[in-house]
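Undergrad: Sequence lines, in order, name chains A and B.
Taking my numbering, I'd label the letters of the first sequence as residues 1 to 460.
Taking my numbering, I'd label the letters of the second sequence as residues 1001 to 1460.
Once you've had a glance at the structure underneath, I'll fire off some questions.
There are 2 protein chains.
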Amino acid sequence: MPEPMFSRAFLASSLASDTAMTPDPDAFLKERSASATHRVDEVPLNALPGWRADDAIVHDSGRFFSVEGVSVRTNFGPVPEWTQPIIVQPDIGILGILVKRIGGVHHFLMQAKMEPGNSDLVQYAATVQATQSNYERVHGGRSTPYLDYFLEHAERRVVFDQLLSEHGDWYLFKRNRNMIVEVPEDEDVPVAEDFTWLTLGQLRRQLQRGNRVNMNARTVLSAISYATADGPAADDEPRDPFHRQVVESHTVGGEDAEVSAAITWLIDQKAKYTLDVRRIPLDDMHEWVRGTDVIRHLEDRYFRIVGTSVTATSREVSTWSQPMLEPTPGNVVALLCQRQSGVLRVLVQAMVQPGLTDRLELAGTVHLSPGRYTGPEDRPPLADYVDAPESWVRLDASQSEDGGRFLRADTRHLVVEVPEDHVVQAPDNYRWMTLGLLSRLMRAGYYVNIEARSLIACLL
Amino acid sequence: MPEPMFSRAFLASSLASDTAMTPDPDAFLKERSASATHRVDEVPLNALPGWRADDAIVHDSGRFFSVEGVSVRTNFGPVPEWTQPIIVQPDIGILGILVKRIGGVHHFLMQAKMEPGNSDLVQYAATVQATQSNYERVHGGRSTPYLDYFLEHAERRVVFDQLLSEHGDWYLFKRNRNMIVEVPEDEDVPVAEDFTWLTLGQLRRQLQRGNRVNMNARTVLSAISYATADGPAADDEPRDPFHRQVVESHTVGGEDAEVSAAITWLIDQKAKYTLDVRRIPLDDMHEWVRGTDVIRHLEDRYFRIVGTSVTATSREVSTWSQPMLEPTPGNVVALLCQRQSGVLRVLVQAMVQPGLTDRLELAGTVHLSPGRYTGPEDRPPLADYVDAPESWVRLDASQSEDGGRFLRADTRHLVVEVPEDHVVQAPDNYRWMTLGLLSRLMRAGYYVNIEARSLIACLL
């Protein structure tokens, strides 16, 4: 269970809509963005400097990541068998946010960071976002600021620390270490260029506007819990009625019995669905065309693998080349919520994704990828809620996926609250859960997928 | 957290050394063993009826399991790179024990079960031990008794339910669903032939004698916790001083902060050690000879893959053939314990094994496999404690590994309690933990490996 002390502090921070530390978060982003130059060009995949394309696309150093083929068989979903390219990155990176009480309110040290794949190139990132290759300085770049706060955590207050999965459709077995570490109020933390302290209330606003808080920051933020033993104090009550429901939902369902029942249900789902994934040479993929410039699906569905050349002045090294995965546009993830017996619950589904470490995790209510469907008859269950009446929509914002690997990968995030008397007909692999329960499951490891966590972060 | 009610009931049961339900557990096993005929013959691997040997050895139905090759790279341990055969069984089987309060004491419904690989062929097994192929009756055998208690658990009291890993050196990604389900006192449970109710005290005795409680029962039993909020009541105090220490150790270290600190330490270990596993055709293995009869290591180290033909009257079907893995003899697992600040702690290590779902889990203090070492200079850290003075030894018993897949795989289980003033020098990937902490980690998923759980079961 998260420490109640932090829950209360985070809730107070989420109600602080501004701070003298960063009077204008929009202006800060804009200013940092203007102060650096960035340029992302598409270049032929087979002529990427530093990379070899053979059975797989690998870096000359053997580090960073590779693009390989997989053959997948599953009884989940409409397609029983397919092949696809996938990004393999077995290292464990660190995504860490430093928090510190400043003027009585907890602040989060965020970084204005350029990522080549983001539509809005510069967004708020975690304090540290470092692959293992990064922090071991394989490419001889600049050292990662603030890294020691997370590597040498023995004397620190670790608020959250867990391995959490990333996009199981695009990454094989990828997970990162998500950390929140508190610095004592009296410890001086120098604020480097590109960094600034934000309250959670400011981050909420940025999240609601979309494309301003990057994926790696969202996954860490999703670990924040408002659960307290005795509910929010009167002066902690959010005035916004939906936010109040969210906070209440955090305080319910985190009991051991609820967690056990949810795990039992999840194991039932794991036993029902099969998944077999084998790594194969890129040339053995059916339905994919391996050109010299790109790897693409025969019918241009799903995504492409492209080569990029990046030049920047605000990153560890100033020029590099790398393959990236560019999804077909139009992806939507949606979370259905409903007040049930006085508590807000969200509808999650047990979803198999080929790259997940243990077959399936909890996903949002709807994953809608136009690239996956040939017509409206192929739409997944509950997809119609994406077109819910405007009065039901609590959040509608575009968010960037990991801009270090995915090119122009914007996903529309939707949170829809259906009225209490509305009946949702969901298949067996769907289940209503409180945010308190989801938070407990997240702490235990690989139970909640990145798409669901990203939606949960948007609800903070 | 386990429900304290069960902790107290299980502790009381562990102090009940006999019961009218099964006056003589030894005689029951012996009698069931005599009442059935079993015969296990080695047959050539390439002529196993029902199996095809090609890139892998697979069953004609495509079900059950396969024997495949893997190529492994890791920076854990002395060998950086190797190939080996491995058993692939992605299905999720059920290992379930029914418990019921009878005459005021909780009893466990155990089955006298023949398994072809066991040295003592018939041993106490869980109430249900069924692969998915088993319970979906792929081979058209008899239905599995008591299975519905576990499949239809919605109305039942589920005491424990979690996916737990199995031998990561011999299985790829294998895990089973471990369940303990309570039947209400007033519900009649017919006792089928081969089944009998035992107290935990009787099971303890059987575990201490060795080769009488099979691996699948041991893994379920390891989930039993004696943790209560307020410690054992006076009349629950075990008289045996070591047993009393074990029970006390169950009540300490299960707090959330301890669990979080242990997970943080484990993630540190996961970030330190690398593991890359690829499935390869059996013929691509180096250092292994693929004969028509067996697959063996060039120097006859590690293990062999052999063919077996089994005839039995006490199993679902009476005759079948299957490949089995036969380890080189002499394997030892040992757990070091020490009373520290008044509480018994055990020394576990973070150990990489190629078949684990997420790279590494907690293992016992020593895994000693003579097949792995060419001389005494290759012995793993702390291996000398296997030869500890007799006065330190709390348990020394041979236990069978899964007799459905492993042939003559007896592992010596050692529990050694070092004196309080003895200093143990352990490498960084070792850590002292209470049984209460290990129990909490087990509940969260893939944190404690089968070898460690088997040792913990022997400590009950």
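All residues carry an ideal CB built from backbone N, CA and C; glycine is no exception.
Small disclaimer: the values here were computed from a predicted structure and weren't measured.
Have a look at A:Leu198, A:Leu455, A:Arg63 and A:Glu417 and flag the residue whose alpha-carbon is nearest the alpha-carbon of Gly103 of chain A.
TA: Taking the first residue of the first sequence as 1, we reach residue 103 of chain A at position 103. Distance from the Cα of Gly103 of chain A is smallest, within the candidate group A:Leu198, A:Leu455, A:Arg63 and A:Glu417, for A:Leu198.
Undergrad: Out of B:Asp1041, B:Asn1216 and B:Cys1458, which has the shortest C-alpha to C-alpha gap to Val1128 of chain B?
TA: Residue 1128 of chain B sits at position 128 when you count from the first residue of the second sequence. It is B:Asn1216.
Undergrad: State the CB to CB distance for the pair Asp1120 of chain B and Ser1309 of chain B, rounded to an integer number of angstroms; the pair is presumed to be in contact (CB under 8 Å).
TA: Position 120 of the second sequence, counted from the first residue, corresponds to residue 1120 of chain B. Position 309 of the second sequence, counted from the first residue, corresponds to residue 1309 of chain B. Asp1120 of chain B to Ser1309 of chain B, Cβ: 20 Å. No contact.
Undergrad: Going along chain A in order, which residues have a C-beta closer than 8 Å to the C-beta of Ile1092 of chain B?
TA: Taking the first residue of the second sequence as position 1, residue 1092 of chain B is located at position 92. Here the neighbours are Ile267, Lys270 and Ala271.
Undergrad: Quick one: Cα of Val149 of chain A to Cα of Pro1080 of chain B, how far?
TA: Position 149 of the first sequence, counted from the first residue, corresponds to residue 149 of chain A. Position 80 of the second sequence, counted from the first residue, corresponds to residue 1080 of chain B. The displayed chain sequence assigns Tyr, not Val, to residue 149 of chain A. Looking at the two C-alpha atoms, the distance is approximately 31 Å.
Undergrad: If we count Cβ pairs, one from each stretch, closer than 8 Å, do we get three or more for the region 1106-1118 of chain B versus the region 1084-1091 of chain B?
TA: no
Undergrad: Using the rule of at least 16 other Cβ atoms within 10 Å of the residue's Cβ for burial, across every protein chain shown, is Ala1444 of chain B buried or exposed?
TA: Position 444 of the second sequence, counted from the first residue, corresponds to residue 1444 of chain B. Under this definition Ala1444 of chain B is a buried residue.
Undergrad: Counting only beta-carbon separations shorter than 8 Å, does Ile1263 of chain B have a partner in chain A?
TA: In the second sequence, the residue the question calls residue 1263 of chain B occupies position 263. Look at Ile1263 of chain B: its C-beta is under 8 Å from a C-beta on chain A.
Undergrad: Quick one: which chain B residues come within Cβ less than 9 Å of Arg205 of chain A?
TA: In the first sequence, counting from the first residue as 1, residue 205 of chain A sits at position 205. Within 9 Å Cβ-Cβ: nothing; Arg205 of chain A doesn't reach chain B, min ~30 Å.
Undergrad: Within the continuous beta strand (DSSP E) that includes Gly1307 of chain B, where are the two ends?
TA: Looking up residue 1307 of chain B in the second sequence gives position 307. Taken as a continuous stretch (DSSP letters only), the beta strand (DSSP E) holding Gly1307 of chain B covers Phe1303 to Ala1312.
Undergrad: By a C-beta neighbour count over all protein chains shown, 10 Å radius and 16 as the cutoff for buried, is Gly77 of chain A buried or exposed?
TA: As a position in the first sequence, residue 77 of chain A is number 77, starting the count at 1. It is exposed - the Cβ of Gly77 of chain A has fewer than 16 other Cβ atoms within 10 Å.
Undergrad: Can you pull the chain A residues whose beta carbon is under 8 Å from the beta carbon of Gln1132 of chain B, in chain order?
TA: As a working note, residue 1132 of chain B is residue 132 in the second sequence. Simply Ala271.
Undergrad: Roughly how far, in whole angstroms, is the beta-carbon of Ala1334 of chain B from the beta-carbon of Leu1435 of chain B, given that I think they are within contact range, below 8 Å?
TA: If you number the second sequence from 1, residue 1334 of chain B lands on position 334. If you number the second sequence from 1, residue 1435 of chain B lands on position 435. 16 Å between Cβ atoms; not a contact.
Undergrad: Looking at the unbroken beta strand (DSSP E) that takes in Glu1417 of chain B, where does it start and where does it end?
TA: Locating residue 1417 of chain B in the second sequence gives position 417, counting from the first residue. Unbroken beta strand (DSSP E) run through Glu1417 of chain B: Asp1410 to Val1418.
Undergrad: By the three-class DSSP mapping on this structure, what secondary structure does Thr37 of chain A have?
TA: What you label residue 37 of chain A is simply residue 37 of the first sequence in a count that begins at 1. Of the three classes helix, strand and coil, the one that applies to Thr37 of chain A here is coil, per DSSP.
Undergrad: Please go through the same chain and pick out, in chain order, the residues whose beta-carbon is closer than 7 Å to the beta-carbon of Leu11 of chain A, but skip the five residues on each side of it.
TA: Counted from its first residue, the first sequence places residue 11 of chain A at position 11. Correct list, in chain order: Tyr226, Pro232, Asp236 and Val247.
Undergrad: Tell me, please, which residues DSSP counts as bridged to Glu182 of chain A.
TA: The residue you call residue 182 of chain A lines up with position 182 of the first sequence. A:Val99 and A:Arg157, per the DSSP bridge assignment.
Undergrad: Which residues does DSSP pair with Gly1093 of chain B in a beta bridge?
TA: Indexing the second sequence from 1 puts residue 1093 of chain B at position 93. Beta-bridge analysis with DSSP links Gly1093 of chain B to B:Asn1176.
Undergrad: In the structure shown, what three-state DSSP assignment does Arg359 of chain A receive?
TA: Sequence index remark: in the first sequence, residue 359 of chain A carries index 359 (1-based). Three-state result, Arg359 of chain A: coil.
Undergrad: Residues in its own chain within less than 8 Å of Pro370 of chain A by CB, not counting five upstream and five downstream?
TA: In the first sequence, the residue the question calls residue 370 of chain A occupies position 370. Here the set comprises Thr328, Pro329, Gly330 and Asn331.
Undergrad: Check the Cβ-Cβ distances between Leu511 of chain A and every residue of chain B, and say whether any is below 8 Å.
TA: As shown, chain A starts at 1 and ends at 460. That puts residue 511 of chain A outside it, with no answer to give.
Undergrad: Here's the rule: buried if 16 or more other CB atoms are within 10 angstroms of the residue's CB, otherwise exposed. What is Leu45 of chain A?
TA: The residue given as residue 45 of chain A occupies position 45 in the first sequence. Buried: at least 16 other Cβ atoms inside 10 Å.
Undergrad: Where does Phe195 of chain A sit, in a helix, a strand or coil, going by DSSP?
TA: Reading the first sequence from its first residue, position 195 is the one you call residue 195 of chain A. Shown here, Phe195 of chain A sits in a strand according to DSSP, grouped into three states.
Undergrad: Sorted by chain position, which residues of the same chain lie with C-beta nearer than 6 Å to Glu417 of chain A's C-beta, five sequence neighbours on each side aside?
TA: Residue 417 of chain A sits at position 417 when you count from the first residue of the first sequence. Cβ neighbours of Glu417 of chain A beyond the five flanking positions: Cys337, Trp392 and Arg394.
Undergrad: Closer than 7 Å to a non-hydrogen atom of the ligand HEM - does that hold for the CB of Ala1154 of chain B?
TA: The ligand HEM is not part of the structure shown, which contains no ligands of any sort.
Undergrad: Measuring CA to CA, which of B:Val1346, B:Thr1411, B:Ala1257 and B:Tyr1447 is closest to Arg1431 of chain B?
TA: The residue given as residue 1431 of chain B occupies position 431 in the second sequence. That would be B:Val1346, whose Cα lies nearest to the Cα of Arg1431 of chain B.
Undergrad: Can the beta-carbon of Leu48 of chain A be found less than 8 Å from the beta-carbon of Lys1270 of chain B?
TA: Indexing the first sequence from 1 puts residue 48 of chain A at position 48. Indexing the second sequence from 1 puts residue 1270 of chain B at position 270. Taking 8 Å as the Cβ cut-off, Leu48 of chain A and Lys1270 of chain B do not qualify as a contacting pair.
Undergrad: Residues of chain A with CB closer than 9 Å to the CB of Gly1445 of chain B, please, in chain order.
TA: On the second sequence, position 445 is the one that residue 1445 of chain B refers to. Under the 9 Å cutoff, chain A gives Ile263, Asp358, Ala444, Gly445, Tyr446 and Tyr447.
Undergrad: Does Val1191 of chain B pass the burial test, meaning 16 or more other C-beta atoms within 10 Å, or should it be called exposed?
TA: On the second sequence, residue 1191 of chain B is found 191 positions in, with the first residue counted as 1. Label assigned to Val1191 of chain B: exposed.
Undergrad: Can you tell me which residues form a DSSP beta bridge with Trp82 of chain A?
TA: Locating residue 82 of chain A in the first sequence gives position 82, where the first residue counts as 1. A:Val72.
Undergrad: In chain order, what residues of the same chain lie with their CB nearer than 6 Å to the CB of Arg1052 of chain B, ignoring the 5 residues before and after it?
TA: Reading the second sequence from its first residue, position 52 is the one you call residue 1052 of chain B. Contacts found: Val1058.
Undergrad: Can you give the beta carbon distance from Gly1355 of chain B to Tyr1171 of chain B, rounded, assuming they're within the 8 Å contact cut?
TA: For this step, residue 1355 of chain B is matched to residue 355 along the second sequence. For this step, residue 1171 of chain B is matched to residue 171 along the second sequence. About 5 Å separates the beta carbons of Gly1355 of chain B and Tyr1171 of chain B, which is inside the 8 Å limit, making them a contact pair.
Undergrad: Closer than 9 Å, Cβ to any Cβ of chain B: which residues of the region 171-193 of chain A, in chain order?
TA: Along the region 171-193 of chain A, the positions whose C-beta sits under 9 Å from a C-beta of chain B are Phe173, Arg175, Arg177 and Met179, read in chain order.
Undergrad: Would you say Leu455 of chain A and Tyr447 of chain A are within 8 Å of each other, going by their C-beta atoms?
TA: In the first sequence, the residue the question calls residue 455 of chain A occupies position 455. In the first sequence, the residue the question calls residue 447 of chain A occupies position 447. Contact flag unset, no.
Undergrad: State yes or no: is the C-beta of Glu1182 of chain B within less than 8 Å of the C-beta of Val1159 of chain B?
TA: Counting from 1 along the second sequence, the entry for residue 1182 of chain B is found at position 182. Counting from 1 along the second sequence, the entry for residue 1159 of chain B is found at position 159. For Glu1182 of chain B and Val1159 of chain B, yes; Cβs fall inside 8 Å.
Undergrad: Please identify the residue among A:Glu420, A:Thr365, A:Arg205 and A:Pro376 whose C-alpha is closest to the C-alpha of Pro427 of chain A.
TA: If you number the first sequence from 1, residue 427 of chain A lands on position 427. It is A:Thr365.
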